[in-house]
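In the numbering used here, the protein residues as written are 65 to 241. A short worksheet on the structure shown next.
Here's what the structure looks like:
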């Protein structure tokens, strides 16, 4: 990343790097899970063998097809119900737009978007979750700055402790209401 040729390539194509907050690995859970799936498939298919470029490309295309054919909506037992929606439906010409829109509407019936109930603000005193210790040994801190996500909600905070650290709100517990 620090090599000048890499920086030039990034700047000419408008590529910017966005990092996830330290100790908030689940923020990238969606794509991390996809990478794990790809790596598992590669290990099972290739093993220790060597492939030519064409063979490797074919393997990646097969893995891509497998990932894009996984259902992302409920699979009904009754054949008269709509077929499950898959990522492939968005990548190819949709056969039945009405059926797809019905399946999309079912996503929100099954798992509606979650809402963050606790809002943090500057000067709030918080307890910082730490898996290594029981709750009575977690450290306390004071919020110095808040950072919002693209949706406008507070997603992480700069917390003043012995060392200032940015922590995701999922690891913070407000001690003052």
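C-beta: ideal position from N, C-alpha, C; glycine also. All of these numbers come straight from a predicted model, not from anything done at the bench.
Where does residue i fall in DSSP's three states?
i, result
"residue 173", "A caution first: residue 173 carries a pLDDT of 48, below 50, which makes its placement in the model too unreliable to give a value."
"residue 236", "strand"
"residue 81", "coil"
Classify residue i: buried if its beta carbon has 16 or more other beta carbons within 10 angstroms, exposed otherwise.
i, result
"residue 235", "buried"
"residue 149", "buried"
"residue 205", "buried"
"residue 181", "Caution applies to residue 181, whose pLDDT of 48 falls short of 50 and renders its modelled position unreliable; the model cannot decide the point."
"residue 79", "exposed"
"residue 176", "With a pLDDT of 42 at residue 176, under the threshold of 50, the modelled position of this residue cannot be trusted; read the value that follows with caution. Label assigned to residue 176: exposed."
"residue 112", "exposed"
"residue 221", "buried"
"residue 223", "buried"
"residue 134", "exposed"
"residue 67", "exposed"
"residue 100", "exposed"
"residue 153", "buried"
"residue 116", "exposed"
"residue 212", "exposed"
"residue 207", "buried"
"residue 231", "buried"
Checking the sheet assignment: what are the DSSP bridge partners for residue i?
i, result
"residue 189", "206"
Are the C-beta of residue i and some C-beta of chain C separated by less than 9 Å?
i, result
"residue 73", "Going by chain labels, chain C is absent from the structure shown, which holds only one protein chain."
Mind checking which residues open and close the alpha helix (DSSP H) that includes residue i?
i, result
"residue 77", "68 to 77"
Query raised in the report: Fully enclosed by the stretch 92 to 169, which alpha helix (DSSP H) runs are 4 residues long or longer?
Result: 93 to 110, 117 to 132, 151 to 155
Report task. Any chance you could list the beta strand (DSSP E) runs of at least 3 consecutive residues sitting entirely within the stretch 199 to 232, in chain order? Result -> 203 to 212, 218 to 224, 229 to 232
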